[in-house]
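This report refers to the structure that appears directly beneath it.
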Amino acid sequence: MGIVSPGFQGRPRSAEPALPAGQYLTQDFPVLSAGPTPRVSLDTWEFVISTEGGVEYRWSWDELRGLPQDTPTVDIHCVTRWSKLGTSWQGVSLDTLLEGIGTAAHYAQAHSYGGYTTNLPLADLRGGRAWVAHTYDGAPLPAEHGGPARLLVPHLYFWKSAKWVRGIRLTTTDQPGFWETAGYHDYGDPWREQRYQGD
Amino acid sequence: MTDMSYLDGNMLDGPLRELFAVDLSTATGRCEHCGMIGPMAALQVYPHAPGLVGRCPNCAGVMLRLVRSPDRAWLDLRGVTYLQVPMPLDQPHPRPL
Numbered sequence: 001m002g003i004v005s006p007g008f009q010g011r012p013r014s015a016e017p018a019l020p021a022g023q024y025l026t027q028d029f030p031v032l033s034a035g036p037t038p039r040v041s042l043d044t045w046e047f048v049i050s051t052e053g054g055v056e057y058r059w060s061w062d063e064l065r066g067l068p069q070d071t072p073t074v075d076i077h078c079v080t081r082w083s084k085l086g087t088s089w090q091g092v093s094l095d096t097l098l099e100g101i102g103t104a105a106h107y108a109q110a111h112s113y114g115g116y117t118t119n120l121p122l123a124d125l126r127g128g129r130a131w132v133a134h135t136y137d138g139a140p141l142p143a144e145h146g147g148p149a150r151l152l153v154p155h156l157y158f159w160k161s162a163k164w165v166r167g168i169r170l171t172t173t174d175q176p177g178f179w180e181t182a183g184y185h186d187y188g189d190p191w192r193e194q195r196y197q198g199d
Numbered sequence: 200m201t202d203m204s205y206l207d208g209n210m211l212d213g214p215l216r217e218l219f220a221v222d223l224s225t226a227t228g229r230c231e232h233c234g235m236i237g238p239m240a241a242l243q244v245y246p247h248a249p250g251l252v253g254r255c256p257n258c259a260g261v262m263l264r265l266v267r268s269p270d271r272a273w274l275d276l277r278g279v280t281y282l283q284v285p286m287p288l289d290q291p292h293p294r295p296l
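Listed in order, the protein sequences are those of chains A and B. No gaps in the numbering here: position 158 of the first sequence is 158 in the working numbering, and each next residue is one more. No gaps in the numbering here: position 41 of the second sequence is 240 in the working numbering, and each next residue is one more.
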């Protein structure tokens with residue numbers, strides 16, 4: 001590698017590094033899957049938020065699509081070390097879905113068609129940082145990437161962005177999910193490289 | 200639907216050899232979910248994930264999770280009621296005195 005003068009080429013360097021420690025950049029979109037891909041009909045699809053008191057709030061596919069839509073463009077970081085920058089999505093903010101739901105819960109556990117679960121603090125679903133996403137790169141989210149809809153929580157490692165999401169349980173105690181009970185970190189902040197328990 | 204995204208349980212041989220002296224790919228396991236008894240080598244193992252996930256070939260329930268970090272491993276066998284491991288034939292037990 002020769003001497004390169006940063007003053008004459010490329011975009012200006014930002015103050016923030018583009019990638020968290022231990023990650024590499026990928027241009028494709030790797031498919032990770034811990035089981036068979038569920039095929040969910042839009043006619044029967046539903047999204048359910050249940051509170052710690054047992055109250056359930058349900059949305060059908062048409063109801064979800066009828067809510068205000070966001071179009072986040074975000075960087076995503078998989079714990080298997082690939083990162084993908086500037087991904088474009090469409091979906092409904094969890095702020096919209098949680099609006100008007102009375103809860104004293106501090107924790108959330110997302111659950112999916114197919115049985116997958118993952119946990120995160122409820123605060124991480126608020127503040128414009130989490131969505132139920134149904135469109136990727138301008139097209140319906142393919143089943144192998146979690147369609148009809150997946151959770152999108154890009155500030156945490158991507159295993160927290162549950163594919164085929166079916167609902168969220170609001171809980172007063174932390175309920176570790178599929179990978180969190182098998183060695184992975186309970187929170188999973190890529191910028192603090194919280195991959196495994198104890199990191 | 201044919202799902203080609205998994206491998207058979209024989210692929211667990213190497214990863215589990217790191218943990219156990221016995222060859223678990225020759226073991227028989229009972230699925231906690233459906234009760235099916237069969238060779239661990241018949242599990243459907245999904246390797247394109249943050250860990251290895253072994254599912255029952257009958258009910259697709261998760262029988263095994265193996266997560267490997269650079270310096271630790273986690274083995275979750277809560278989906279296995281028991282493992283039956285072939286053992287070398289023992290000497291005849293002495294009779295009670």
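All C-beta atoms in this analysis are idealised placements derived from N, C-alpha and C, irrespective of residue type, glycine included. Bear in mind the structure is a predicted one, so any value in this text is a computation, not a measurement.
Roughly how many whole angstroms lie between the Cα atoms of residue i and residue j?
i	j	result
Glu180/A	Leu85/A	25 Å
Thr172/A	Ser112/A	20 Å
Gly278/B	Arg65/A	37 Å
Val284/B	Tyr116/A	30 Å
Trp164/A	His134/A	10 Å
Leu98/A	Asp174/A	19 Å
Thr73/A	Trp89/A	6 Å
Gly127/A	Gln243/B	40 Å
Leu125/A	Tyr196/A	22 Å
Cys230/B	Gln69/A	43 Å
Pro287/B	Tyr281/B	19 Å
Ala240/B	Val252/B	13 Å
Trp45/A	Gly35/A	19 Å
Ala226/B	Gly208/B	11 Å
Gly138/A	Thr87/A	11 Å
What does the Cβ neighbour count give for residue i, buried or exposed, with the cut at 16 atoms within 10 Å?
i	result
Cys233/B	exposed
Ile3/A	Because Ile3/A sits at a pLDDT of 44, beneath the cut-off of 50, its placement in the model cannot be relied upon, and the point is left open.
Thr71/A	exposed
Ile76/A	buried
Phe219/B	exposed
Ala176/B	What the structure shows of chain B is the stretch from 200 to 296, and residue 176/B is not part of that stretch, so it cannot be assessed.
Asp28/A	exposed
Ala123/A	exposed
Thr37/A	buried
Ala162/A	buried
Leu25/A	exposed
Arg39/A	exposed
So what's residue i in DSSP terms, helix, strand or just coil?
i	result
Thr171/A	strand
Lys160/A	helix
Pro6/A	Low per-residue confidence applies at Pro6/A: pLDDT is 44, beneath 50, and the placement is therefore not dependable enough to give any value.
Ala226/B	coil
Leu265/B	strand
Asp270/B	coil
Asp43/A	coil
Asp199/A	coil
Thr103/A	coil
Mind checking whether residue i and residue j have CB atoms under 8 Å apart?
i	j	result
Leu263/B	Pro214/B	no
Val132/A	Leu151/A	yes
Leu156/A	Gly177/A	no
Leu206/B	Ser224/B	no
Glu52/A	Ala105/A	yes
Thr96/A	Leu141/A	no
Ala149/A	Trp273/B	no
Ser83/A	Leu19/A	yes
Thr118/A	Trp159/A	yes
Quick check on residue i - is its C-beta less than 8 Å from some C-beta in chain E?
i	result
His247/B	This model lacks chain E altogether, as its protein chains are A and B.
Inspect the CB distances between the stretch 160-174 of chain A and the stretch 99-116 of chain A and report whether three or more fall short of 8 Å. yes
Between the stretch 229-248 of chain B and the stretch 136-146 of chain A, can you find at least three pairs of beta-carbon atoms closer than 8 Å? no
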